[in-house]
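First the structure, in the form of structure tokens, and then the observations on it.
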Amino acid sequence: MGGQDAHYGGGLVDGAKVVQLFGDVATELLIRHDGDEGLFVAYEEVVFTAPVYAGDYLEVTGRILRVGATSRRMEFAAHKVIEGGTDPARPSAAKVVSPPELVARAVGTCVVPKERQSAFPTSGDAPQVTIDD
Numbered sequence: 011m012g013g014q015d016a017h018y019g020g021g022l023v024d025g026a027k028v029v030q031l032f033g034d035v036a037t038e039l040l041i042r043h044d045g046d047e048g049l050f051v052a053y054e055e056v057v058f059t060a061p062v063y064a065g066d067y068l069e070v071t072g073r074i075l076r077v078g079a080t081s082r083r084m085e086f087a088a089h090k091v092i093e094g095g096t097d098p099a100r101p102s103a104a105k106v107v108s109p110p111e112l113v114a115r116a117v118g119t120c121v122v123p124k125e126r127q128s129a130f131p132t133s134g135d136a137p138q139v140t141i142d143d
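In my numbering, the protein residues as written are 11 to 143.
Below you can see the structure in the form of structure tokens.
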């Protein structure tokens, strides 16, 4: 997360930034699965479990849970893998977070146009995606 992502005092990043990353993962999942970026319809659940600060690095993952005629139910997770700003005397200092810390998770549904057929119409082998930010 860059300094431009800090929305609150102390460099705290707005949770909406993490939700935006979930949307990016959803877009990639839909393109890989259906050849179309589709549209997000709704989130069933979004849970923030730990703060994210400017200087942190997140790994965001997602996978398709269920494929309907036009709907795709997906789950997402964001883990902090590097924590920045760990030493005020050295602004570029950072440390690896091991094991990675879950900072948010979500479940949501997207839709694709009816004329698009799934690349995996009879297979349960739906793609999974990881985005590092």
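C-beta atoms are modelled at their ideal positions from N, C-alpha and C, and glycine is treated no differently.
The residues D46, G48 and T80, in chain order, have a CB closer than 8 Å to that of P123 in the same chain once the five nearest residues on each side in sequence are set aside. Only residues of its own chain outside the window of five on either side were considered, and among them V35, L39, M84, F86 and V139 have a CB closer than 6 Å to the CB of G72, listed in chain order. Between the segment 18 to 37 and the segment 108 to 123, the count of Cβ pairs shorter than 8 Å is three or higher; the stretches touch.
Contact between D97 and A103 holds: their C-beta atoms lie close to 4 Å from each other, under 8 Å.
Residue R82 holds the alpha-carbon nearest to the alpha-carbon of Y53 among G65, V106 and R82. For D66, same chain residues with a beta-carbon under 6 Å away, outside a window of 5 residues either side, are M11, K90, E93 and G94 in chain order. DSSP places E85 in the strand class (E or B) of the three-state scheme. When rounded, the separation of the alpha-carbon atoms in L22 and K105 is 18 Å.
In its chain, beyond the 5 residues on either side, A114, R115 and A116 have a beta carbon closer than 8 Å to the beta carbon of V57.
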